[in-house]
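Below is one structure, written out as structure tokens; the observations come after it.
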Amino acid sequence: MSGFVGASPISQPALSRRIDKLEGALGVKLFERTTRRVSLTMVGRAFAPRAERLLNDLDDALLGISEVASNRTGRVTVACVPSAAYYFMPSVIARYHAIYPKVRIKLIDTSANKVSAAVISGEADLGLSFSGNLDQDVEFE
Numbered sequence: 001m002s003g004f005v006g007a008s009p010i011s012q013p014a015l016s017r018r019i020d021k022l023e024g025a026l027g028v029k030l031f032e033r034t035t036r037r038v039s040l041t042m043v044g045r046a047f048a049p050r051a052e053r054l055l056n057d058l059d060d061a062l063l064g065i066s067e068v069a070s071n072r073t074g075r076v077t078v079a080c081v082p083s084a085a086y087y088f089m090p091s092v093i094a095r096y097h098a099i100y101p102k103v104r105i106k107l108i109d110t111s112a113n114k115v116s117a118a119v120i121s122g123e124a125d126l127g128l129s130f131s132g133n134l135d136q137d138v139e140f141e
């Protein structure tokens, strides 16, 4: 364990306490310890790949949260009238995707009045329409 502890940001006694606490919570021994070496028990060998997957999943989740928080991934839903969806949204989406390749754009192709309804209900993040229904709860630009 000395090689691991040398590369770890925690001390050997702190690591031993954490392992003891984990073994106590699980009710099993994960490590065989002698004065000269530390090795995994049979249960420890079975648990190690699962623990590694869990830690990798946690790292991926935390990275994903960070990317979403910095607006580099996610999904944007745009409600728009059919003419916008057909004529110029493809080029807008292509340019946006070149800058933010991990952001997915979902288009809702609908009538002018339903565009604002989709934004108001939260079904769409933004809408692209003619004047349609001018609801005071929606900001128009």
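In terms of the UniProt record's numbering, the sequence shown opens at residue 1 and continues consecutively.
By construction, the Cβ of each residue, glycine as well, lies at the ideal position given by its N, Cα and C atoms.
- request: Can you have a look at K21 and say buried or exposed, based on whether 16 or more other CB atoms are within 10 angstroms of its CB?
  value: The count along the sequence shown starts at 1 and reaches residue 21 at position 21. K21 should be labelled exposed.
message: Could you tell me the alpha carbon to alpha carbon distance between I108 and V92, rounded to whole angstroms?
response: Stepping through the sequence shown from its first residue, residue 108 is reached at position 108. Stepping through the sequence shown from its first residue, residue 92 is reached at position 92. Roughly 15 angstroms separates the two Cα atoms.
field: Short Cβ contact (8 angstroms threshold) for I105 with V78
entry: Taking the first residue of the sequence shown as position 1, residue 105 is located at position 105. Taking the first residue of the sequence shown as position 1, residue 78 is located at position 78. Yes, they are a contact pair.
query: In terms of DSSP beta bridges, what is E32 paired with?
result: Taking the sequence shown and counting its residues from 1, one reaches residue 32 at position 32. Its beta-bridge partners are S39.
- request: Determine the DSSP secondary structure at I99, reduced to helix, strand or coil.
  value: Position 99 of the sequence shown holds residue 99. Reduced to three states, the DSSP call for I99 is helix.
task: Would you kindly work out how many angstroms separate the C-alpha atoms of G44 and K29, rounded to a whole number?
output: For the purposes of this step, residue 44 is taken as the residue at position 44 of the sequence shown. For the purposes of this step, residue 29 is taken as the residue at position 29 of the sequence shown. Cα to Cα, the separation comes out at about 7 angstroms.
- prompt: Considering R72, what are the terminal residues of the alpha helix (DSSP H) in which it resides?
  reply: In the sequence shown, counting from the first residue as 1, residue 72 sits at position 72. Where R72 is concerned, there is no enclosing alpha helix (DSSP H), given that its DSSP letter is neither H nor E.
task: Determine the direct distance from the alpha carbon of L40 to that of G127, and round the result to whole angstroms.
output: Here residue 127 corresponds to residue number 127 of the sequence shown, with the count starting at 1. Here residue 40 corresponds to residue number 40 of the sequence shown, with the count starting at 1. Those two C-alpha atoms are separated by around 58 angstroms.
field: Euclidean distance between Cα positions of Y87 and D60
entry: By 1-based counting over the sequence shown, the position of residue 87 is 87. By 1-based counting over the sequence shown, the position of residue 60 is 60. For Y87 and D60, the distance between alpha carbons rounds to 38 angstroms.
query: Per DSSP, which one or two residues make a beta bridge with R104?
result: In the sequence shown, counting from the first residue as 1, residue 104 sits at position 104. DSSP lists R75 as partners of R104.
- prompt: Where do the ends of the alpha helix (DSSP H) carrying G27 lie?
  reply: Residue mapping note: residue 27 aligns to position 27 of the sequence shown, counting from 1. Premise fails: G27 is in no alpha helix (DSSP H) and is neither H nor E.
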